[in-house]
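Chains as they are written, first to last, in our numbering: chain A, 1 to 113; chain B, 1001 to 1111.
C-beta: ideal position from N, C-alpha, C; glycine also.
Notes for the one structure printed next.
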Amino acid sequence: EAQVTQNPRYLITVTGKKLTVTCSQNMNHEYMSWYRQDPGLGLRQIYYSMNVEVTDKGDVPEGYKVSRKEKRNFPLILESPSPNQTSLYFCASSTTGTAYGYTFGSGTRLTVV
Amino acid sequence: QKEVEQDPGPLSVPEGAIVSLNCTYSNSAFQYFMWYRQYSRKGPELLMYTYSSGNKEDGRFTAQVDKSSKYISLFIRDSQPSDSATYLCAMSAGDFNKFYFGSGTKLNVKP
């Protein structure tokens, strides 16, 4: 089944404790992206990657890091999480060169206390 | 001003009703318009995709784009309880790295 897999689905952590949210897709998509979803603000792009070793900032990159060492994986790293990073996070992928839209993962609900 | 505005609802309708969901936008360069459906505790899934102006129909769903008014709509005919979800509009100017999403409209279809 073609899908984007995120882990974990739920995470509660403390301020300052480094964490990684993993994302993997099995569709051989070149393009991958991370979004956060907050009530009233909708989906906001954090980072995106056009292909292996090519990443760039989205609209809200502060406090986040990403890497793209393999085509299928695009982990999101929070080096020092803060409570304002409490949110619902989605990874998405698509074929570059089309605006047909994304395939999204099921989301990771992160709570930073 | 947000790039894309969408009424958050919630919108509650009886089963069988015709539902109209709308978004307005400010960037006249947008050419690609999408509707996503998001069930509770799930990621958004692509429902409809339209390029430029006009209508597109897929079963009970019709997407309309009016570029002169910067207004897009999604119509759902004969709505079903299974249509209960949050509907997100999204659009792009053709920069395939960049999509702008509305904040979503929550729809509840009552049996």
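Backbone secondary structure at residue i - three-state DSSP
i, result
"N1027/B", "coil"
"Q1064/B", "strand"
"S1082/B", "helix"
"P8/A", "coil"
"E1005/B", "strand"
"P1014/B", "strand"
"F1140/B", "Residue 1140/B cannot be examined here, being either before or after the span of chain B that is shown, 1001 to 1111."
"D1037/B", "Inspection of the sequence shows that residue 1037/B is occupied by Arg rather than by Asp. Here R1037/B sits in strand by DSSP."
"K17/A", "coil"
"T95/A", "coil"
"Q25/A", "strand"
"G1054/B", "strand"
"E1/A", "coil"
"S1116/B", "Residue 1116/B cannot be examined here, being either before or after the span of chain B that is shown, 1001 to 1111."
"S1092/B", "strand"
Neighbour flag for residue i against chain B, beta carbons, 9 angstroms
i, result
"L76/A", "no"
"A92/A", "yes"
"Q25/A", "no"
"L11/A", "no"
"L43/A", "yes"
"S115/A", "Because chain A in this structure spans residues 1 to 113, residue 115/A falls outside the shown range and cannot be described."
"T103/A", "yes"
"Y35/A", "yes"
"G16/A", "no"
Closest by C-alpha distance to residue i, when choosing among the options
i, options, result
"K65/A", "R72/A, D56/A, L76/A", "L76/A"
"R109/A", "R44/A, E53/A, N51/A, Q37/A", "Q37/A"
"D1083/B", "T1050/B, G1094/B, S1068/B, K1106/B", "K1106/B"
"Q1080/B", "D1007/B, V1004/B, G1016/B", "G1016/B"
"I1076/B", "E1005/B, P1014/B, E1003/B, Q1006/B", "P1014/B"
"R72/A", "S93/A, Q25/A, W34/A, G105/A", "Q25/A"
"T15/A", "S93/A, Y89/A, V54/A, E79/A", "E79/A"
"C1023/B", "D1007/B, L1011/B, Q1038/B, S1012/B", "D1007/B"
"Q6/A", "L88/A, S49/A, T111/A, T95/A", "L88/A"
"V112/A", "P83/A, Y35/A, C91/A", "P83/A"
"K1042/B", "T1086/B, F1101/B, V1109/B, Y1100/B", "T1086/B"
"N51/A", "F74/A, L41/A, G63/A", "F74/A"
"K17/A", "G58/A, K57/A, Q85/A, V60/A", "Q85/A"
"D59/A", "F90/A, R44/A, G101/A", "R44/A"
"T1062/B", "S1040/B, K1070/B, S1069/B, M1034/B", "M1034/B"
"S1069/B", "D1078/B, R1060/B, G1054/B, D1058/B", "G1054/B"
"Y10/A", "F90/A, S94/A, G42/A, T95/A", "F90/A"
"K69/A", "P81/A, K57/A, E53/A", "E53/A"
Any chain A beta carbon closer than 9 angstroms to residue i
i, result
"Q1006/B", "yes"
"R1118/B", "The question about residue 1118/B has no answer, for chain B in this structure spans 1001 to 1111."
"K1070/B", "no"
"E1057/B", "no"
"R1041/B", "yes"
"S1052/B", "no"
"P1014/B", "no"
"G1009/B", "no"
Anticipated Cβ contact below 8 angstroms, residue i with residue j, distance rounded
i, j, result
"M1091/B", "Y1036/B", "At roughly 11 angstroms, the Cβ-Cβ gap does not stay under 8 angstroms, so M1091/B and Y1036/B are not in contact."
"S1020/B", "S1073/B", "6 angstroms"
"E1045/B", "F104/A", "7 angstroms"
"Y48/A", "S67/A", "At roughly 13 angstroms, the Cβ-Cβ gap does not stay under 8 angstroms, so Y48/A and S67/A are not in contact."
"Y1049/B", "G42/A", "Between G42/A and Y1049/B the Cβ distance is about 18 angstroms, and since that is not below 8 angstroms, they are no contact."
Cβ-heavy atom distance, residue i to the ligand FAD, below 8 angstroms
i, result
"T103/A", "This structure lacks the ligand FAD, and indeed carries no ligand of any kind."
### Query
What are the complete beta strand (DSSP E) segments, minimum 3 residues, inside the segment 28-92 of chain A?
31-38, 42-51, 54-57, 76-78
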